[in-house]
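**Q** The structure that follows is given in the form of structure tokens.
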Amino acid sequence: MTYSLSVIILAAGKGTRMQSAKPKVLQTLAGKPLLSHVLDTCHHLTVDETIVVYGFGGEQVQEAMSAYNLAWVEQTEQLGTGHAVKVALEKLPQTGQSLILYGDVPLVSRQTLSALQSANTDGMSMLTLTVDNPFGLGRIKRDANGNIEAIVEQKDASDAEQQITEINSGIYCVDNALLHKYLPKLSNDNAQNEYYLTDIVKMAVADGIAIAAIEPEHAFEIEGVNNRQQLASLERSWQNKLVHDLQVAGVQFADPTRVDIRGSLSAGQDVFVDVNVVFEGDCVLGDNVYIEAGNVIKNSQIGNACYIKPNCVIDHAKIGAGVDVGPFAHLRPESVLADQSKVGNFVEIKKSVVGQGSKVNHLSYIGDTTIGTDVNVGAGTITCNYDGVNKSQTIIEDNAFIGSNSSLVAPVTIGDTATVAAGSVITKDVDANALALGRGRQVQKDNFQRPTKK
Ligand code: UD1
Ligand code: MG
Numbered sequence: 011m012t013y014s015l016s017v018i019i020l021a022a023g024k025g026t027r028m029q030s031a032k033p034k035v036l037q038t039l040a041g042k043p044l045l046s047h048v049l050d051t052c053h054h055l056t057v058d059e060t061i062v063v064y065g066f067g068g069e070q071v072q073e074a075m076s077a078y079n080l081a082w083v084e085q086t087e088q089l090g091t092g093h094a095v096k097v098a099l100e101k102l103p104q105t106g107q108s109l110i111l112y113g114d115v116p117l118v119s120r121q122t123l124s125a126l127q128s129a130n131t132d133g134m135s136m137l138t139l140t141v142d143n144p145f146g147l148g149r150i151k152r153d154a155n156g157n158i159e160a161i162v163e164q165k166d167a168s169d170a171e172q173q174i175t176e177i178n179s180g181i182y183c184v185d186n187a188l189l190h191k192y193l194p195k196l197s198n199d200n201a202q203n204e205y206y207l208t209d210i211v212k213m214a215v216a217d218g219i220a221i222a223a224i225e226p227e228h229a230f231e232i233e234g235v236n237n238r239q240q241l242a243s244l245e246r247s248w249q250n251k252l253v254h255d256l257q258v259a260g261v262q263f264a265d266p267t268r269v270d271i272r273g274s275l276s277a278g279q280d281v282f283v284d285v286n287v288v289f290e291g292d293c294v295l296g297d298n299v300y301i302e303a304g305n306v307i308k309n310s311q312i313g314n315a316c317y318i319k320p321n322c323v324i325d326h327a328k329i330g331a332g333v334d335v336g337p338f339a340h341l342r343p344e345s346v347l348a349d350q351s352k353v354g355n356f357v358e359i360k361k362s363v364v365g366q367g368s369k370v371n372h373l374s375y376i377g378d379t380t381i382g383t384d385v386n387v388g389a390g391t392i393t394c395n396y397d398g399v400n401k402s403q404t405i406i407e408d409n410a411f412i413g414s415n416s417s418l419v420a421p422v423t424i425g426d427t428a429t430v431a432a433g434s435v436i437t438k439d440v441d442a443n444a445l446a447l448g449r450g451r452q453v454q455k456d457n458f459q460r461p462t463k464k
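Be aware that the sequence shown starts at 11, since it is given in the working numbering, and climbs by one per residue.
See below:
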């Protein structure tokens with residue numbers, strides 16, 4: 011039988027220890043808000059509705075999450091995790107199941123949540139883990155047969171209970187009927203005067219419900235963020251995992267601790283990534299791609315056997331096979347470099363196509379331009395695409411040769427196999443096979459006498 015699935019995300023915490031004007035769940039890990047990590051993971055499950063319990067900074071959180079389809083419930087006072095779920099009951103169906111998650115526990119995986127849901131056969135399942143240092147966390151109490159009987163919070167735990175090393179992650183899958191039944195009955199008669207969500211375990215056990223427990227694959231999946239140190243350490247755990255998966259897939263990192271992947275990276279075989287490379291958004295690398303130190307690559311595709319020299323910024327670009335880029339190149343959005351092309355030192359390309367085998371090797375700006383195949387663009391060439399109001403197009407056809415230090419004033423077309431003399435300012439179209447010169451004629455005065463000091 012398939013149940014409808016709701017997700018309840020607790021996100022009312024202020025995050026005082028972050029010392030930030032931003033609500034905690036908007037702090038970023040791998041370039042993305044903590045809450046977005048949780049929501050994106052849930053997006054891969056078949057979720058009927060997602061309820062976010064917010065408190066501090068609600069408007070800011072809602073605005074940042076406006077791309078998601080969410081039901082919002084405000085918890086005006088933070089009276090505990092049980093209270094937080096209780097305020098969500100008004101939006102929760104009477105039947106079906108709910109995953110209870112936290113906006114500041116960003117890395118729980120889809121696989122773990124699916125397993126947790128499958129484990130809920132009798133009404134409730136939970137994620138637990140045996141750890142070296144359980145201090146501060148809720149402890150799992152089991153009976154002589156190993157069945158879960160209760161969760162005891164650190165502050166309520168006896169000395170014996172404090173020795174328990176199996177901890178509560180705080181993540182559960184519970185039948186909605188049980189939440190509707192138990193939450194109104196919670197009391198705050200405990201060491202913290204909070205309404206503990208964990209008390210529903212005792213209530214379920216009293217009703218004869220067997221509580222299933224599973225462990226996450228990775229410990230970091232259940233780690234929360236309360237301060238900047240925990241955020242940095244979770245970031246490293248996540249980066250390690252991404253790098254590990256890519257190594258398994260055949261990527262070589264010069265130093266696995268000196269690369270950051272802020273998004274998704276897929277790579278072919280025998281890719282090499284040197285130190286201090288940052289990938290952002292969705293990036294795809296082909297086979298045999300070689301990336302030297304200090305590159306920032308965002309939302310880009312790089313084809314087989316490309317060679318990216320140091321210190322380039324490659325942003326929303328599409329690069330074919332066998333292309334050389336850099337050092338110090340800037341590929342801005344909508345740059346397309348066809349196979350075997352070259353973009354070299356201090357070259358900026360924007361919204362342009364560089365055709366197969368064409369070269370823009372030194373000190374150029376190419377914007378709003380279509381370059382054909384086997385074109386050579388000389389050093390210092392500028393496409394003048396902007397008149398202060400409008401952008402215009404430059405077209406450079408196949409086999410053209412643009413002499414160094416030329417300005418091509420758009421809109422303008424340089425014909426097939428045309429030549430532009432070095433230092434030209436080209437304001438009119440150049441026909442195929444023609445030579446265009448647009449510069450002052452050289453004058454020579456023989457036996458010139460330099461001025462002397464008076
Ligand atoms: C809770 C569990 C504990 C578990 C631990 C795991 C309870 C009573 N205890 O501890 O067994 O080991 O999580 O981290 O549930 N929140 C709200 N509103 C509130 C209170 C909390 O939205 O009124 C949110 C917080 O923003 C946070 C999450 O719930 O995201 C957990 O709260 P936190 O105070 O960190 O957990 P504990 O209650 O200490
Ligand atoms: Mg608390």
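The beta-carbon is built from N, C-alpha and C at its ideal position, and this holds for glycine as well. Please read these numbers as outputs of a predicted model, since none were measured by experiment.
Ordered along the chain, which non-local residues of its own chain (more than five positions away) have a Cβ less than 7 Å from that of glycine 41?
**A** These residues qualify, in order along the chain: Arg272, Gly273, Glu290.
**Q** On the three-pair Cβ rule with 8 Å, is the segment 224-243 touching the segment 111-131?
**A** The segment 224-243 vs the segment 111-131: in contact.
**Q** The ligand UD1 and tyrosine 206: does any heavy atom of the ligand fall closer than 8 Å to the residue's C-beta?
**A** Answer for tyrosine 206: yes, Cβ within range of the ligand UD1.
**Q** Considering just the uninterrupted stretch of the alpha helix (DSSP H) at alanine 94, what are its terminal residues?
**A** From DSSP, the alpha helix (DSSP H) with alanine 94 extends over 91-98.
**Q** Can you look up glutamate 231 in the DSSP assignment and give me helix, strand or coil?
**A** Looking at glutamate 231 - three-state DSSP - the assignment turns out to be helix.
**Q** Alpha carbons only, please: which of Cys293, Gly234, Asn130, Ser168 is nearest the one belonging to leucine 188?
**A** If we check each option's Cα against that of leucine 188, Asn130 comes out closest.
**Q** Can you round the beta-carbon distance between asparagine 390 and asparagine 371 to whole angstroms, since I take them to be within the 8 Å contact cut?
**A** A small fix is needed here, since residue 390 is glycine in this sequence, not asparagine. Glycine 390 to asparagine 371, Cβ: 11 Å. No contact.
**Q** Can you tell me where the beta strand (DSSP E) with aspartate 325 in it begins and where it stops?
**A** Here the beta strand (DSSP E) through aspartate 325 covers 323-325.
**Q** What are the complete beta strand (DSSP E) segments, minimum 3 residues, inside the segment 400-425?
**A** Entirely contained in the segment 400-425, the beta strand (DSSP E) runs reaching 3 residues are, in chain order, 404-406, 417-419, 422-424.
**Q** Would you be able to state if there are at least three C-beta pairs under 8 Å between the segment 231-250 and the segment 188-202?
**A** The segment 188-202 is not in contact with the segment 231-250.
**Q** Is it buried or exposed, alanine 348, if we count other Cβ atoms within 10 angstroms and call 16 or more buried?
**A** Alanine 348 is buried by the Cβ-count criterion.
**Q** Between the segment 413-430 and the segment 393-405, are three or more C-beta pairs nearer than 8 Å?
**A** Flag = yes, the segment 413-430 and the segment 393-405 touch.
**Q** Do three or more CB pairs link the segment 105-113 to the segment 77-90 at distances below 8 Å?
**A** Judged by Cβ distances under 8 Å, the segment 105-113 makes no contact with the segment 77-90, as fewer than three pairs qualify.
**Q** Taking all protein chains shown into account, decide if threonine 379 is buried (16 or more other Cβ within 10 angstroms of its Cβ) or exposed.
**A** Burial call: buried.
**Q** What residue range does the beta strand (DSSP E) around isoleucine 210 cover?
**A** No beta strand (DSSP E) holds isoleucine 210; the alpha helix (DSSP H) holding it covers 209-216.
**Q** DSSP has methionine 136 in a bridge; who is on the other side?
**A** Bridge partners of methionine 136: Tyr182, Ala223.
**Q** Following a CB-centred definition, is valine 63 positioned closer than 8 Å to any heavy atom of the ligand SAH?
**A** Among the ligands in the structure shown, the ligand SAH does not appear; only the ligand UD1 and the ligand MG can be found there.
**Q** Identify every residue that forms a DSSP beta bridge with arginine 272.
**A** The partner list for arginine 272 (beta bridge, DSSP) reads Glu290.
**Q** Take proline 337 as the anchor and find which of Gln350, Ile329, Ala327, Phe356 has the nearest alpha-carbon.
**A** Ranking the options by Cα distance to proline 337, first place goes to Phe356.
**Q** Which stretch, first to last residue, makes up the beta strand (DSSP E) that contains arginine 120?
**A** First-last for arginine 120: 120-129, but that is the alpha helix (DSSP H), not the beta strand (DSSP E).
**Q** Given 8 Å as the limit, is there contact between the segment 33-51 and the segment 62-71, that is, 3 or more CB pairs closer than that?
**A** Judged by Cβ distances under 8 Å, the segment 33-51 makes contact with the segment 62-71, as three or more pairs qualify.
**Q** I need the straight-line Cα distance from valine 63 to proline 343, nearest angstrom please.
**A** Valine 63 and proline 343: Cα-Cα distance of roughly 37 Å.
**Q** Based on Cα-Cα distance, which residue from Gly382, Val333, Glu176 lies nearest to tyrosine 317?
**A** Nearest C-alpha to tyrosine 317: Val333.
**Q** Can you tell me where the alpha helix (DSSP H) holding threonine 5 begins and where it ends?
**A** Given that the chain is displayed from residue 11 to residue 464, the structure contains no residue 5 and the question cannot be resolved.
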